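S.K.: In the numbering used here, the protein residues as written are -12 to 261.
The structure that follows is given in the form of structure tokens.
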């Protein structure tokens, strides 16, 4: 653990409770141990003032949860070097850079938060751990296309907002467990097919892309609830939806001319904001 914090100028702050045995990391602030094995590390805003560099390969192999939220730390994220026991990883709001090989994540992972950093390169979403439930990579500099057809069945939340992703997307094979999908503010293009939506979805955000064509929601069950935001795109023509639809839809700042029911007859709906 001494190597893990060696390049953090303010590392002495977390050792303030360890005056008798500073070499015993189990006495450090934010460190939780079980039978002398480090299990959890939680340092939130502890190093924000002066930041520092961190090498994740020096993590103890027994760690199951690492939280370094908002610490102004830099380094790379070598997924292959992470502890194979890791379940939770939160590196949000730091300065981590380089590529991210998600296929090399430990197969125990349940939640990954690496938003608001400076990560680059392509994203391979087809070989994620089967246990993964949350993946938040918003506000980075990822590029290239994304495949949403082979996500883990347990995935509940996927956030890729404000990157530089491009190409078309297929929403017809999303995991049944998914509740939140945020891919707003990218450069995604092409048309969309709305079918086979997860039954418990709550929030899908597709705003501020370059998506186009008409919007046909008639393949979705009328009892499906939730919110879809497709504003600020290039959709044109009509929005087709069931008259008894329970979803709330935002399509303003497009070129939508009217709302139609599934037979093609115009109607108005308070649930569709044009």
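Ideal placement from N, C-alpha and C gives every residue a C-beta, glycine not left out.
Note that the structure is predicted; figures quoted are calculated from it, not measured.
Please state if the CB of residue 28 and the CB of residue 59 are separated by a distance shorter than 9 Å.
M.R.: Contact: no.
S.K.: Just to confirm the assignment, what range does the beta strand (DSSP E) spanning residue 236 have?
M.R.: Here the beta strand (DSSP E) through residue 236 covers 235 to 237.
S.K.: If you scan the segment 135 to 161 from start to end, which runs of the beta strand (DSSP E) of 3 or more residues do you find wholly inside it?
M.R.: Here the runs fully enclosed are 144 to 146 and 151 to 154.
S.K.: Have a look at residue 260 and residue 236 and give me their C-alpha separation to the nearest angstrom.
M.R.: The straight-line gap from Cα to Cα measures roughly 6 Å.
S.K.: Terminal residues of the continuous beta strand (DSSP E) containing residue 33?
M.R.: Taken as a continuous stretch (DSSP letters only), residue 33 belongs to no beta strand (DSSP E), as it is neither H nor E.
S.K.: Do the CB positions of residue 98 and residue 119 come within less than 9 Å of each other?
M.R.: Yes, the Cβ-Cβ distance between residue 98 and residue 119 is below 9 Å.
S.K.: Do you know how far the Cα of residue 167 is from the Cα of residue -9?
M.R.: Each residue's alpha carbon lies about 34 Å from the other.
S.K.: For residue 158 and residue 205, I'd like the C-alpha separation in whole angstroms.
M.R.: Their Cα atoms are separated by approximately 15 Å.
S.K.: What residue from 106, 188, 73 and 136 has the CA that sits closest to residue 63's CA?
M.R.: If we check each option's Cα against that of residue 63, 106 comes out closest.
S.K.: Please go through the same chain and pick out, in chain order, the residues whose beta-carbon is closer than 6 Å to the beta-carbon of residue 76, but skip the five residues on each side of it.
M.R.: Counting only Cβ-Cβ distances below 6 Å, and skipping sequence neighbours, we find 53 and 99.
S.K.: Using 8 Å as the cut-off, can you tell me whether the segment 11 to 25 makes contact with the segment 75 to 90, which would need three or more C-beta pairs spanning the two stretches below that distance?
M.R.: Taking 8 Å as the limit for Cβ pairs, the verdict is that the segment 75 to 90 does not touch the segment 11 to 25.
S.K.: Considering only C-alpha positions, which residue in the set 219, 126, 249 and 218 is nearest to residue 229?
M.R.: Considering only alpha carbons, the answer is 249.
S.K.: Could you name the residues of the same chain whose beta carbon sits closer than 6 Å to that of residue 32, not counting the 5 residues immediately before and after it, in chain order?
M.R.: Here the set comprises 57.
S.K.: DSSP on residue 90, reduced to helix/strand/coil?
M.R.: Note: residue 90 maps to helix in three-state DSSP.
S.K.: Assuming residue 246 contacts residue 252 under a Cβ cut-off of 8 Å, what Cβ separation, rounded to an integer in Å, is found between them?
M.R.: Their Cβ separation, rounded to whole angstroms, is 10 Å, which puts residue 246 and residue 252 out of contact at 8 Å.
S.K.: Which residue spans inside the segment 65 to 135 form an unbroken beta strand (DSSP E) run of at least 3?
M.R.: 75 to 77, 82 to 85, 98 to 100, 105 to 108, 121 to 123 and 128 to 131, all fully within the segment 65 to 135.
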